Every structure is written in C-alpha cells, then in structure tokens.
Amino acid sequence: DGGITQSPKYLFRKEGQNVTLSCEQNLNHDAMYWYRQDPGQGLRLIYYSQIVNDFQKGDIAEGYSVSREKKESFPLTVTSAQKNPTAFYLCASSTPGTVKTQYFGPGTRLLVL
Amino acid sequence: SQKIEQNSEALNIQEGKTATLTCNYTNYSPAYLQWYRQDPGRGPVFLLLIRENEKEKRKERLKVTFDTTLKQSLFHITASQPADSATYLCALRDRGLSGGYQKVTFGTGTKLQVIP
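For the record, the sequence lines run as chains A and B. Letter by letter, the first sequence follows residues -16 to 96 of the numbering used here. Letter by letter, the second sequence follows residues 200 to 315 of the numbering used here.
So this is what it looks like as structure tokens:
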C-alpha cells in the first residue's frame, strides 16, 4: 500500500524537552510538508521540502526544525523554543508538477505535560 | 491581507438533501482550488480540484463550482448520507506575480452533519 505514515499517534512533551515527529512516505514524491492544526484554525505551514537535502521555512517555523536526508523521510523536531506546541501535526507529500494534490498522513497529536 | 473564509458554523442537513458549502477568498488570484475531507483525528483526504479557467467539476455525487468574479467556490454533495458527515476544507494555490514557490493555503473548514 502506498501512503504516508506518521508516528507516534500521540506524543507527550515535558518542559524544556525536544521531541521528534516521524513522517515517512512511499509515494515517490519529491515534495513534503509539515502543517500544524489548531481548533478553529486552518492548516498552517511549518516547513516544506521540494527535494532531498533542501527545505524552506513556512509561515510558522519558529521553534521547529526539520531535515530531509532521504526522499522518503521528513522528520520534524519541536524544540523547547516552541512555547505553545500543543496541536495536531500533519505531514503531507504532493504530486509533481504545477498542480499539487497533497496526500496527508494520519497525524500526530502533541500534548505538553 | 489575504484571506480564505469558510463558514465556521456547522452545517446540519437532512439525509437525502443537497449540502452546499462555501469558500470565499480575498486578495488571491488562484491558479486552482481544491476541496478536501477531514474526519476527526485524521488527515485530510483530497476530493476535487478545479482550475481557474473552469466553471464546474463533478465527481459522482460531488460538484464544485468556481466563480473568479465573485471570488467564491461552492461545494455540493447531492443525496447526502450520514457517512458524508465530516469537515470539508477548501485550499487554493495562488498564481503569484513572479516565479518561485507558491504554497497551497487552506481554509479553516466547515463541519457538515448529515442527520438520518
């Protein structure tokens, strides 16, 4: 089955702790994205990567970091600098070309202890 | 400023009726607009895409219209079923004034509840 997997489903962060959310895809897509979703708000773009070893900040990158060492993987680290990390995090990849249909993973819910 | 607006109030509709959801945008020149379905605790799933030069698209019980003069897209579900209950998100990609990456921007979504 082709698709995007995210792990874990739930993640708990302690104060001052960095945590990493996993995102893997086997769709052979070059482009990958991380979004944050809060109640009553649309999806907000954190980081995106159009190709391996390259990534760009989105609208709300502060307090987050990413890497893109492999085409299949795009992990997101929520650092201690992110003061309000509680949210639903969604990873996506998109089809090539000018029309980008996005395929989303099941999401990771991050909670602060 | 740029805005994508969807009705934040939930839409309740009787089974068998047509549900119509609205997406309005401000200060965008969309190259295309997409509609996604999102179930609680899950990632969005792509449903339909309509390009700037298209007026209407259909897929089974789904229909999308796009009016660039009104700056609005309507999403219709005919013969609605309880299984259609979900949140529906619109998303658009701006044409942009120059080259470079143009991201897809999502609206906040409208929750649809189909009552048996």
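We treat Cβ as the ideally placed atom computed from N, Cα and C, and that holds for glycine. Treat the numbers as computed from the prediction; the structure is a model and nothing was measured.
Run through chain B and tell me which residues come within less than 8 Å of residue i, C-beta to C-beta.
i             : result
K83 (chain A) : R292 and V303
G80 (chain A) : Under the 8 Å cutoff, chain B gives no residues; its nearest Cβ is about 11 Å from G80 (chain A).
Quick one, which of the options has its alpha-carbon nearest residue i's?
i              : options                           : result
I249 (chain B) : B:R292, B:R260 and B:T286         : B:R292
Q24 (chain A)  : B:N206, B:T219, B:P315 and B:E259 : B:N206
A44 (chain A)  : A:Y18, A:E52, A:N1 and A:E55      : A:Y18
F71 (chain A)  : A:M15, A:V61 and A:G80            : A:V61
S63 (chain A)  : A:L(-6), A:V2, A:Q85 and A:S(-10) : A:V2
R100 (chain A) : B:W234, B:E259 and B:K302         : Nothing can be reported for residue 100 (chain A): it is not among the residues displayed for chain A, which extend from -16 to 96.
Cβ closer than 9 Å: which chain B residues qualify as neighbours of residue i?
i             : result
F87 (chain A) : Y235, Q237, R241, G242, P243, V244 and F245
Residue i versus chain A: which residues are under 9 Å apart at the beta carbon?
i              : result
S207 (chain B) : G23
Pull the bridge partners of residue i from the DSSP assignment, please.
i              : result
Y18 (chain A)  : A:L28 and A:L73
Y224 (chain B) : B:I203
P229 (chain B) : B:D293
A218 (chain B) : B:I276
F245 (chain B) : B:Y235
V2 (chain A)   : A:V61
Let me see if you follow: with CB-CB separation under 8 Å, is residue i close to chain A or not?
i              : result
G306 (chain B) : yes
Less than 8 Å between CB atoms is the rule here; does residue i satisfy it with respect to chain B?
i                : result
G(-14) (chain A) : no
G90 (chain A)    : yes
L(-6) (chain A)  : no
Counting only Cβ pairs nearer than 7 Å, list the residues of chain B close to residue i.
i             : result
L28 (chain A) : K302
May I ask you to list, following chain order, the residues of the stretch 227 to 250 of chain B that have a beta carbon less than 9 Å from some beta carbon of chain A? Within the stretch 227 to 250 of chain B, the residues whose Cβ lies closer than 9 Å to any Cβ of chain A are, in chain order, A230, Y231, Q233, Y235, Q237, G240, R241, G242, P243, V244, F245, L248 and R250.
To be precise: take each residue of the stretch 50 to 81 of chain A, compare its Cβ to all Cβ atoms of chain B, and keep it if any distance is under 9 Å. Which residues remain? Of all residues in the stretch 50 to 81 of chain A, F71, L73, C74, A75, S77 and T81 have a Cβ within less than 9 Å of some Cβ in chain B.
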